[in-house]
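J.: Handing you this structure, nothing more for now.
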Amino acid sequence: MADLKALIFDVDGTLANTEEAHRQAFNYSFKQAGLDWEWDVELYTKLLKVTGGKERIRHYVEDFLKQEIEQDKVVALHLAKNDRYQSVVLDKQLPLRPGIKRIVEQARAQNMTLAIATTTSPGNVNNLVKACFGDDALDWFAIIAEGELVPIKKPKPDVYEYVLEHLNLAANECIALEDSYNGVVAASCINIPTLITSNNYTAEDDFTGAMIVLDSLGDEEEPCNVLSSEIDAKINSMVNLDTLIEMHEAYTK
Ligand code: XBP
Ligand code: MG
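Take our numbering: the final residue in the sequence shown is number 237, and no numbers are missing along the way.
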């Protein structure tokens, strides 16, 4: 058995339901560039199988449109998308998901290490953290590992390996909080116990390998539901830090 020493948060879909804002920002950038591409919710759900915005644009052009695209054009579209997305974030239009603030506050109060492992761009994650938690919140996280820091994005484990190395912790001393198939594969394939909170874009994902799957961390207004679990979890409407410590103990013993 190992003690729980760190919580490692995914960003998109886990801290906040950001993917709808990403989708709309992609469409905005396509329109601005004079393209008639329109990603609806159904198509975007399929495109999310590829992590990283630039990779997602290339995947769409090559695998759906069966065309070629220069990397300069991908980069320009992605920059315009991120500008638009970050204006939405800075406008505080994207609230944290239920329970995230509570868990982060409880972890800070108990000196539990916090970290972030994401495939999104640095400006996107930094602005989301500041907009949702406050201007000083970047310092709350021992490491914010973003998409471009490692050569290969999730579902490969590189970003999690980077975080563990930085924290000097073993996989079984952490919990990863994720929302998607790509996330659970990235964390669990190197044996980080993984808690999933699913959302509209990932509800149909395969979460094999997760320690537990919930529909959210829950709060007073929105109690959480356990969708599947590898442990005997006693969760009464919401997950607290103590619940995470108990789950981790049961899972790693
Ligand atoms: C989810 C992603 C990201 C976002 C878009 O990241 O796959 O690509 O959809 O962000 P997370 P970028 O690991 O946080 O769930 O366009 O900046 O890549
Ligand atoms: Mg995610």
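Don't be surprised by glycine CBs; every beta carbon is placed ideally from N, CA and C.
Model, not experiment: these values are computed from the prediction.
Take A126 and list the residues in its own chain whose beta-carbon comes closer than 8 angstroms to its own, dropping the five residues that flank it on each side.
T.: A(-10), T97, L98, A99, H150, L151
J.: Hey, is the region 34 to 53 in contact with the region 129 to 141, meaning 3+ C-beta pairs nearer than 8 angstroms?
T.: yes
J.: Can you name the residues that DSSP bridges to I(-8)?
T.: A99, A160
J.: Evaluate F48 with the Cβ neighbour count: other Cβ atoms within 10 Å of its Cβ, from every protein chain shown; 16 or more gives buried, anything less gives exposed.
T.: By the neighbour-count criterion, in which a residue is buried when 16 or more other Cβ atoms sit within 10 angstroms of its Cβ, F48 is exposed.
J.: In whole angstroms, what separates the C-alpha of E157 from that of I84?
T.: 20 angstroms
J.: Is the beta carbon of T227 within less than 7 angstroms of some heavy atom of the ligand MG?
T.: no
J.: What does the Cβ neighbour count give for D190, buried or exposed, with the cut at 16 atoms within 10 Å?
T.: exposed
J.: How far does the beta strand (DSSP E) with T181 in it reach, from first residue to last?
T.: 178 to 181
J.: Cα separation between S105 and L78?
T.: Each residue's alpha carbon lies about 17 angstroms from the other.
J.: Going by DSSP, what residues sit across from V210 in a beta bridge?
T.: L198
J.: Kindly confirm or deny that the region 196 to 211 and the region 12 to 27 touch, where touching means at least three C-beta pairs closer than 8 angstroms.
T.: no
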